[in-house]
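Chains as they are written, first to last, in UniProt numbering: chain V, 1 to 457; chain P, 1 to 457. Glycine included, each C-beta is placed from N, C-alpha and C at the ideal position.
Number of protein chains: 2
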Amino acid sequence: MAIEEFQFTESLEKQLSDLVQSDSAELIEELLENHSSGELARAISLLDEEERIKLIQLINSESAAELVEQLPTVQAVQLLEEAEPGQAAAIVDELPSDLQADLLSDLDSNDAEAILRLMLPNEAESARQLQQYDESVAGGLMVTELLRYPDHWTVAEVVHDLQTGSDEYRDYQIQYTYVCGQEEQLLGVLRLRDLLLGDRSRVLRDIMIPNPVSVSDTLSLAELHGFFQQHHYLGVPVTNEVGKLVGVVQRSDVDQAWIEQQDRSFLKRQGIVSGEEIRAMSLWQRASGRLSWLSLNIVLNLLAATIISRFESTLSAVIALTAFLPIISDMSGCSGNQSVAVSIRELMLGLVRPSDVFRVWMKELSVGVLNGSAVGLLLGTIAYLWKGNLALAIVIGSALTLNTIVAVSIGGIIPLILRKFGRDPAVASGPLLTTVTDMCGFFLVLSLASNFIEYLV
Amino acid sequence: MAIEEFQFTESLEKQLSDLVQSDSAELIEELLENHSSGELARAISLLDEEERIKLIQLINSESAAELVEQLPTVQAVQLLEEAEPGQAAAIVDELPSDLQADLLSDLDSNDAEAILRLMLPNEAESARQLQQYDESVAGGLMVTELLRYPDHWTVAEVVHDLQTGSDEYRDYQIQYTYVCGQEEQLLGVLRLRDLLLGDRSRVLRDIMIPNPVSVSDTLSLAELHGFFQQHHYLGVPVTNEVGKLVGVVQRSDVDQAWIEQQDRSFLKRQGIVSGEEIRAMSLWQRASGRLSWLSLNIVLNLLAATIISRFESTLSAVIALTAFLPIISDMSGCSGNQSVAVSIRELMLGLVRPSDVFRVWMKELSVGVLNGSAVGLLLGTIAYLWKGNLALAIVIGSALTLNTIVAVSIGGIIPLILRKFGRDPAVASGPLLTTVTDMCGFFLVLSLASNFIEYLV
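Here it is, written out as structure tokens:
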């Protein structure tokens, strides 16, 4: 395969659309194989619904499954929802077990049930079992496709099974084989190289690595991520509460889930509260998903605005102040959001915990004092040069200094406090922060101005 | 290993600090082995500089290297900078080649040179070579530790080499062995299972998978990420411009680099312009890193404030308007940032390209019209109920509607335009957006108010 295939072709969506119109299934499959996941995701999102349905009808379910594996979850779900249930079931049959469960959980429950009923009975059974796990614990992230052998087998027997079963095992990510006892409890692990280098007459229980590292099916994604950062393993076996081997979590799946979680967190921070929006979604879905957040923000903004209203007489007397109110609000929001971002990231990396509130507060307080003084001095100077009123400059500058200190220090601890109370810091930190800093900022400017009104007019 | 080890202990930093005081090297090494990367990163960041230096002196360089591998890059660099150059060199000797190059590039160039001079000659040589690559291309992400054999060797010869060299190969992530010709050009690949299942007398060139997939050493991180999403491989060989095999890029390293890139992008969006800040960094570094962004924001905010100043007579006449100016500014910023976030994410996923400006603009325009009407109506209603002035309510409501449409539609395209001109959308989109929407918003409110001033007073 040449590298050129990873360069952008200007018209993949056009090619796809043309091939769909002319029913050229084979050419489509070839096209799908030869483009990167990003290109495919983009092209698929540019087709209209009718074209997407026809595309899925045309290609075989294996190719469709490979396509579905490469798309972002939200797009994969969309494809399955649009397809006929029978076709969707044939595609889901071909997917690895962890993805089956993920997609079925994200589908409308009626759609999911219709698909499950049409799937191969054993695939449906395992999908139903995996669906019972939360998506972000080991049980929800593991695959059930794994190689397990009884501890009394010999190396020769295993090698024979690998050779005869190689068709079925083709899609397995075989790095390890697991050795189990009679109750399917995990006893040991063998690397392929142990089999390769081992004497073929020996019994597994004698050459296996006993008491292998395993994780509980309830281990969280964050803990799994930490686990794989610490260990070089490509996968780790998963056991249930009675020690039975139930699946394998692959490093790559944990990395993928971790990336998606960060992705969602990024969107949430910017007011896409559901954590998911791509432009291929319907207008209504996109607009309403954003609106809930905006409506909340209006209400919070009004709270801050009531402070301004209380000082209308001061504002009437010193109308020059009005130009500075949005500056104070925006600057404090910026400073505070810097602290929020660092805290959210440190929470994600495990560098801080909710109990570190005091330490973080102290750390941020010092940054707040430094930067608050700097921006206060800067804005004060500009205000003096612009309006020529020293008292005004001092009021504006010191209000910004004080409010920056407030914003930076509470910005650092808001995410910790939200986490402590089980809330998602990504969603709520921003609006909480700006409401507090706006109210405080407006109050500081206007009450200082009221107190020194005689120097200002 | 039991799962309990991944649960939080309240006092790892305390334990570490105590063990450092009492020179208990072995206990420290045991402690390091039994904690997850997140816990270690946190504990290390809580030690003071003196304790960190002593810790590194106490433990052997292998344990130190394992620790360094688990820490976030910025913390790993800090440890190496604080350590004696000789100690740092011994640690870097033990690291995988890609991490060596990464860390040395991030160190102050004098520190890096001092360490390179004290490293083992062959390790230093390969680190210098890798350092020539950009960190975010295949050459900078690959490891040079790989298994390569001449095409005329037999399976038995390879198995013998694997057995005798197993000590050296212990840390290699052996999934594939590569078959090379006389000029070290890549001819084929063998999976371990091919060796396991193959006849030991056969020659590699006859059983290898010929013309294997490989990538150029200049392939970008985004393209590598797409590559691994499309292919199930655990690693891919890297060749230089003459087809010589120069290294292997592991899936896990690409995932890791991708996560870090997204991480930096997240921080940049929130005004941590360098893309890196942890609270273990010095106060000065942290404060100044944030300040540059804040200073720029002040200047941009002032631009918007000049609009308000021009309408002081209108504001004096209708002082109630002042309470709504920050609301218009904040709400438009929120709406616009939602679009910015979706575009930045779609750019990262490859779902949009800079050339899609018109399509994205149209998509966002419709969201802007819907949500603009909704928030305009909401704020207008509230303004009427609060101030009891219908004309004021209409002015405020329609200004917010219009400005939301502007904010949402330009928010969607700003990241695309910045990318088109080679700028980082994460850093510049926010300030650009809010400046434009503030200016436009203030102008809309105040010019509408001026035109209908007789109904407002």
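### Message
For a cutoff of 8 Å on Cβ pairs, would you count V:P78 as touching chain P?
### Response
One point to set straight first is that residue 78 of chain V is Gln, not Pro, in the sequence displayed. Taking Cβ atoms only, chain P never reaches closer than 8 Å to V:Q78, which makes this a no.
### Query
Terminal residues of the continuous beta strand (DSSP E) containing P:L245?
L245 to Q250
### Task
Classify P:H232 as buried or exposed, calling it buried when 16 or more other Cβ atoms lie within 10 Å of its own Cβ.
exposed
### Message
Contact criterion: CB-CB distance below 8 Å. Does P:F324 meet it with respect to chain V?
### Response
yes
### Query
Apart from the five residues on each side of it in sequence, which residues of its chain come closer than 7 Å, Cβ to Cβ, to V:I339?
Reading the sequence as shown, one finds Ser at residue 339 of chain V and not Ile. Spatial neighbours of V:S339 in its own chain (CB-CB distance under 7 Å, excluding positions within 5 residues in sequence) are listed in chain order as E364, V408, G411 and G412.
### Task
Taking only the alpha-carbon atoms, compute the straight-line gap between P:A2 and V:L245 and give it to the nearest angstrom.
Only weak support is given to the placement of P:A2: the predicted model assigns it a pLDDT of 38, under 50, and the value that follows is read from those uncertain coordinates. One C-alpha to the other measures close to 15 Å.
### C-alpha distance - V:E13 paired with P:G368, whole-angstrom precision
27 Å
### Task
Run down chain P in chain order and give the residues with a C-beta less than 8 Å from the C-beta of V:T434.
D330
### Query
Listing by chain order, which chain V residues have their CB less than 8 Å from the CB of P:R290?
S335, Q338, V367 and N371
#### Entry: Selection of the segment 53-74 of chain P by Cβ proximity to chain V, strictly under 7 Å
Q70 and P72
#### Entry: Any C-beta of chain V under 8 Å from that of P:E277
yes
### Task
Could you say which of P:I272, P:V189, P:G140 and P:D330 lies nearest to P:S214 if we only look at CA atoms?
Closest option to P:S214, judged by alpha-carbon separation, among P:I272, P:V189, P:G140 and P:D330: P:V189.
### Task
For V:F443, decide whether its Cβ has a neighbour in chain P, counting only Cβ atoms nearer than 8 Å.
no
### Query
Looking only at its own chain, which residues have a Cβ that is under 8 Å from the Cβ of P:N371, when we skip the five neighbours before and after it?
S335, T404 and V408
### Query
Are the C-beta atoms of P:I453 and some chain V residue less than 8 Å apart?
Interface criterion not met: the Cβ of P:I453 is under 8 Å from no Cβ in chain V.
### Task
Find out if the Cβ-Cβ distance for the pair P:R264, P:E276 is shorter than 8 Å.
Yes, the pair counts as a contact, with Cβ atoms nearer than the cut-off.
### Query
What residues of chain P sit near V:G165, judged by a beta carbon separation below 7 Å?
Within 7 Å Cβ-Cβ: nothing; V:G165 doesn't reach chain P, min ~12 Å.
### Message
If you reduce the DSSP assignment to three classes, tell me which class P:G441 lands in.
### Response
DSSP, reduced to helix, strand and coil, places P:G441 within a helical segment of the structure shown.
#### Entry: Closer than 8 Å at the beta carbon, the chain P residues around V:R200
Those do not exist, as V:R200 stays about 11 Å from chain P at its closest Cβ, beyond 8 Å.
### Task
Quick one: which residues of the segment 77-100 of chain V get their C-beta closer than 9 Å to a C-beta of chain P? List them in chain order.
none
### Task
Kindly list the residues whose CB is nearer than 7 Å to the CB of P:T322, restricted to its own chain and excluding five residues on each side of it in sequence; keep chain order.
Excluding residues within five positions, the ones whose Cβ falls inside 7 Å are L315.
#### Entry: Residue-level contact to chain V via CB, P:M1, 8 Å cutoff
Here P:M1 scores only 37 on pLDDT, less than 50, and its place in the model is too uncertain to base an answer on.
### Query
Does any C-beta atom of chain V lie closer than 8 Å to the C-beta of P:E258?
Before going further, note that residue 258 of chain P is Trp rather than Glu in the sequence given. Yes, P:W258 counts as interfacial toward chain V.
### Query
Interface residues of chain P around V:I396 at Cβ under 7 Å?
Proximity of chain P to V:I396 at the Cβ level (cut-off 7 Å) is not reached, the minimal Cβ distance being about 11 Å.
### Task
Mind checking which residues open and close the beta strand (DSSP E) that includes P:G188?
L186 to R191
### Task
Could you check if P:T306 is buried or exposed, using at least 16 other CB atoms within 10 Å of its CB as the buried criterion?
Exposed is the call here.
### Query
Within this structure, are the beta carbons of V:E294 and P:M142 separated by less than 8 Å?
The question names Glu, yet the displayed sequence has Leu at residue 294 of chain V. Annotated as distal: V:L294 and P:M142, with beta-carbon spacing of 8 Å or more.
### Check: V:A114 C-beta below 7 Å from any heavy atom of the ligand ZN
No copy of the ligand ZN occurs in the structure displayed, which carries no ligand at all.
### Task
Consider the Cβ of V:K363: report whether some Cβ of chain P lies at a distance smaller than 8 Å.
yes
### Query
For the candidate residues V:T144, V:I298 and V:K268, whose alpha-carbon lies nearest to that of P:I382?
V:I298
#### Entry: Under the three-state DSSP convention, the category V:Y149 falls into
strand
#### Entry: Proximal residues of chain P, C-beta to C-beta of V:D263 below 8 Å
Q262 and R345
### Message
I'd like the ranges of any alpha helix (DSSP H) spanning at least 4 consecutive residues and lying wholly in the segment 19-106 of chain P.
### Response
25-33, 37-46, 49-58, 61-70, 73-82, 85-93 and 97-106
### Task
Report back the beta-carbon spacing between V:P96 and V:Y178 to the nearest angstrom; my notes put them in contact at under 8 Å.
About 17 Å separates the CB atoms of V:P96 and V:Y178; that is not less than 8 Å, and the two are not in contact.
### Query
Using the C-alpha atoms, what's the distance from V:P425 back to P:M439?
31 Å
### Task
Determine the direct distance from the alpha carbon of P:G181 to that of P:E274, and round the result to whole angstroms.
Reading off the sequence, residue 274 of chain P comes out as Ser, not Glu. About 45 Å.
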